[in-house]
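With this note's numbering applied, the sequence shown corresponds to residues 9 to 222, in that order.
In what follows, a structure is listed as structure tokens, so that the remarks can point back to it.
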Amino acid sequence: MNFVSVIIVAAGSSRRMGFDKLAAVLDGKSVLALSVDAFMGCELVNEIVLVAPEERMELLDAYNYTKPLRRVDGGAERCLSVARGLEAVSEEAKLIAVHDAARPFVSQTDILAVISAALEHGAASLARRVTETLKRTDDSDFTREPVSRDNLWMIETPQVFHADLLRSAYAHVLQENILVTDETSAVESIGQHTKLVASTSPNQKITTPADLLR
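Take a look at the structure:
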């Protein structure tokens, strides 16, 4: 059996939002609770490590979870928060998934697809192809040239990796003081490429109040 651990990153301050976006209620539950529920409901997930300040646990107090859920404090940057989450992951873990708590709509189908791809390729991430027209501008925001969208993707989460690979990548990131914004970048820093899995349903990241309205 492949022991799957999930790190849910919920340590951000929501500065761009102006209030705690993870406490916002959608369909009767907080954004944070919806994200945790998505992985609690996945049959392949064995444990969840929540990287979040202690006060955010109040958003989950009303729920009785059937799988282990541990909380650890986050760091000043996202990559430092993930590193602290890795320290709390069980030694049994064969696969480690990392998910941003601000993506509460991820589907079971997509979670399973990314886990399956990671088992086969060692590294996998949910993503969506870029379909919009892209332009490069000058410093004054006037268009200068088109940018081909061929083979361009918007990276999402979850991102799932063989445990040894992700641990090695983060050891390198911390040792070399490399600031990465996601785990695909961390494993790329040690020469590993990531298989992208196209998301089959909306997986919106909540960043602004307009995202909540949508």
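Even glycine gets a Cβ: it sits at the ideal position worked out from N, Cα and C.
Note that the structure is a prediction, hence the values are computed from the model and not measured.
| query | Who are the Cβ neighbours of T74 in its own chain at under 8 Å, not counting the five residues just before and after it? | reply | Setting aside the 5 residues that flank it on each side, T74 is surrounded in the same chain by M48, each with a C-beta closer than 8 Å to its C-beta; the list follows chain order.
| query | Can you tell me whether E55 is buried or exposed, with buried defined as 16 or more other CB within 10 angstroms of its CB? | reply | Residue environment analysis places E55 among the buried positions, since at least 16 neighbouring C-beta atoms fall within 10 angstroms of its C-beta.
| What does E153 pair with, by DSSP beta-bridge criteria? | Note: E153 sits in a beta bridge opposite R144.
| request: Label S207 either buried or exposed according to how many other C-beta atoms from any shown protein chain fall within 10 Å of its C-beta, with 16 as the threshold for buried. | output: In this structure S207 is buried. Its beta-carbon is surrounded by 16 or more other beta-carbon atoms within 10 angstroms.
| query | Tell me, which residues are paired with E55 by DSSP? | reply | Beta-bridge pairing links E55 to S13.
| message | For E140, tell me which candidate among V122, D81, A125, N159 has the shortest Cα-Cα distance. | response | Nearest option by C-alpha distance: N159.
| said: On the criterion of 16 or more Cβ atoms from any shown chain inside 10 Å, does P112 qualify as buried, or is it exposed? | reply: Buried, since its Cβ has 16 or more Cβ neighbours within 10 Å.
| query | At what residues does the beta strand (DSSP E) containing L134 begin and finish? | reply | From DSSP, the beta strand (DSSP E) with L134 extends over 131-137.
| request: Answer with buried or exposed for N72, where buried requires no fewer than 16 other C-beta atoms within 10 angstroms of its C-beta. | output: Flag for N72 reads exposed.
| task | Counting only the same chain and skipping the five closest in sequence on each side, list residues whose C-beta sits under 6 Å from that of H170. | result | Around H170: G130.
| field | Any beta strand (DSSP E) of 3 or more consecutive residues that is wholly inside the segment 26-100 | value | The beta strand (DSSP E) runs of length 3 or more contained entirely in the segment 26-100 are, from start to end of the chain, 55-59, 77-80.
| request: Assign L187 to one of three DSSP states: helix, strand, or coil. | output: It is coil, neither helix nor strand.
| said: What residue range does the alpha helix (DSSP H) around D219 cover? | reply: Note, D219: alpha helix (DSSP H), 217-221.
| query | Is it buried or exposed for R144, if we count other Cβ within 10 angstroms and need 16 for buried? | reply | The residue is exposed, with fewer than 16 neighbouring Cβ atoms inside 10 Å.
| task | Report yes or no: do three or more beta-carbon pairs, one from the segment 146-162 and one from the segment 58-65, lie closer than 8 Å? | result | No: the two stretches stay apart, fewer than three of their Cβ pairs being nearer than 8 Å.
| message | I want to know whether the segment 86-103 touches the segment 27-42 - three or more CB-CB distances under 8 Å. | response | Taking 8 Å as the limit for Cβ pairs, the verdict is that the segment 27-42 does not touch the segment 86-103.
| task | Assuming R86 contacts V17 (C-beta within less than 8 Å), just tell me the rounded distance between them. | result | Indeed they touch by this definition, with Cβ atoms about 6 Å apart.
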